[in-house]
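This report concerns only the one structure given below.
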Amino acid sequence: MIIPKTREEIELMRESALVVSRTLGMLAKEVKPGVTTNQLNKMAEEYIRSQDAIPGFLGLYDCPSTLLTSVNEAVVHGLPTDIPLKEGDIVAIDCGAIKNGFYGDHAYTFEVGDVSPEIKKLLKITKESLYIGIREFKKGNRVGDVGYAIQKYCEAHGYGVVRELVGHGIGRKMHEDPEMPNYGRRGRGKKFIEGMTIALEPMINMGTHRVKQLSDGWTIVTLDGQPSAHFEHDIALVDGKPELLSTFDYIYEALGITSDEEKEFRNL
């Protein structure tokens, strides 16, 4: 059952999402060769708690960490380790926080030093597909419209769209209805309703869409060992249109990137 939120609840959810946004912005300055994902995890937990919030992943489904850090061929759910990041790696950092009784949950894939042009393109197309999907999250549309748009765009570039893992509704629970696949058929699935809130998160592989889980019980990797990218935003349906609750602006400020990609999804 989809749980619509009031305007007041959506504003509380925005605060939760922005805790995560600021955490990712803080980490953006720290992602570099030689740093371990365990170090990043410790920084994130300390920062989230400093914001009068609680790490949203830690303990959820017995998750042992504040961050999920997925390096190179890891798609999602990678556990932090003491292995240093190296030049040319990519790391998808997925982070959650609880504030005001609501969850924030979003993710960004970072470049570690200089990466290859092929990997840069994968990250670019994956992030673009996120916004293509968000545009379809509007009054009159259904879940399949979002998934179809993401799938069509990514597969047109030769990439694999992961099937086993999906986005989701979000609110007082990390995972609410509906599931939000990154593939689908137009006009299919649950209809969007005013006040619903979702976490949309394309997980796109350079090669095959097929994945497997490692023996740690968490990390999902590509079956062919090729890199994977993951970007995620929290969005509310307000006045029939998608409105971003999270932002990558803190990341871009830290990295010196200029972007207006979020402008159309802001209630200015």
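In UniProt numbering, the protein residues as written are 1 to 268. Glycine is no exception: its CB is placed at the ideal position from the N, C-alpha and C atoms. Here the structure is a predicted model, which means the values were calculated and not measured.
Test item: CB-CB of residue i and residue j under 8 Å
i	j	result
Gln151	Gly184	yes
Ile93	Pro227	no
Gly88	Thr219	no
Ala107	His230	yes
Thr37	Thr66	no
Asn205	Val162	yes
Ala53	Lys99	yes
Pro33	Val112	yes
Boundaries of the alpha helix (DSSP H) in which residue i is found, first to last residue
i	result
Gly144	Val143 to Ala156
residue 270	Since the first residue of the chain shown is 1 and the last is 268, residue 270 is not available in this structure.
Ser246	Ser246 -> no alpha helix (DSSP H), and no H or E assigned at all.
Pro117	Pro117 to Arg135
Option in the options with minimal Cα separation from residue i
i	options	result
Glu164	Val76, Gly144 and Asp62	Val76
Met203	Ile193, Gly167 and Arg186	Gly167
Tyr103	Lys173, Met206 and Glu201	Lys173
Ile251	Thr23, Cys63, Ile235 and Ile90	Thr23
Ser129	Lys138, Ile235, Gly147 and Pro117	Gly147
Lys42	Arg7, Thr81 and Phe231	Thr81
Glu73	Asp224, Glu45 and Pro55	Asp224
Arg7	Tyr61, Gly169 and Thr197	Thr197
Leu60	Arg14, Glu264, Glu194 and Gly96	Gly96
Asp249	His233, Gly240, Leu237 and Gly195	His233
Gly158	Phe57, Leu58, Leu122 and Glu201	Leu122
Ile253	Pro178, Ser21 and Glu46	First, the amino acid is wrong: residue 253 is Glu here, not Ile. Measuring from the Cα of Glu253, the nearest candidate turns out to be Ser21.
Tyr47	Ile193, Glu15 and Val19	Val19
residue 277	Ser259, Thr247, Ile125 and Thr258	The requested residue 277 is not part of the displayed model; the chain covers only 1 to 268.
Val115	Val71, Gly256 and Asp105	Val71
Met180	Thr109, Val35 and Ala199	Ala199
Close-in-space but distant-in-sequence residues of the same chain around residue i (CB under 7 Å, 5 per side omitted)
i	result
Glu261	Tyr131
Gly144	Gly184, Arg185, Arg186, Gly187, Arg188 and Gly189
Gly207	Gly160, Thr222, Asp224 and Gln226
Ile119	Ile90 and Pro227
Residue i: first and last residue of the uninterrupted beta strand (DSSP E) it sits in
i	result
Ile198	Thr197 to Leu200
Asn182	No beta strand (DSSP E) contains Asn182, which DSSP labels as neither H nor E.
Asp234	His233 to Val238
His175	Element bounds for His175: n/a, residue is neither H nor E.
Gly169	Gly167 to Gly169
Gly205	Checking the sequence shown, residue 205 turns out to be Asn, not Gly. Looking at the DSSP string, the run of the beta strand (DSSP E) that includes Asn205 is Met203 to Asn205.
Lys212	Val211 to Gln213
Ser228	Ser228 to His230
Thr222	Ile220 to Thr222
Residues of its chain near residue i, where Cβ-Cβ distance is below 8 Å and the 5 sequence neighbours each way are ignored
i	result
His242	His is not the amino acid found at residue 242; the sequence shown has Pro there. So the qualifying residues of the chain are Ile134, Arg135, Phe137, Lys138, Ile235, Ala236 and Phe265.
Gln39	Glu30
Asn267	Val238 and Glu243
Same chain only: Cβ atoms within 6 Å of residue i, ignoring 5 sequence neighbours per side
i	result
residue 270	A question about residue 270 goes unanswered here, because the residues of the chain that appear run from 1 up to 268.
Problem set entry | Every unbroken alpha helix (DSSP H) inside the region 36-108 [4 residues or more] | 37-50
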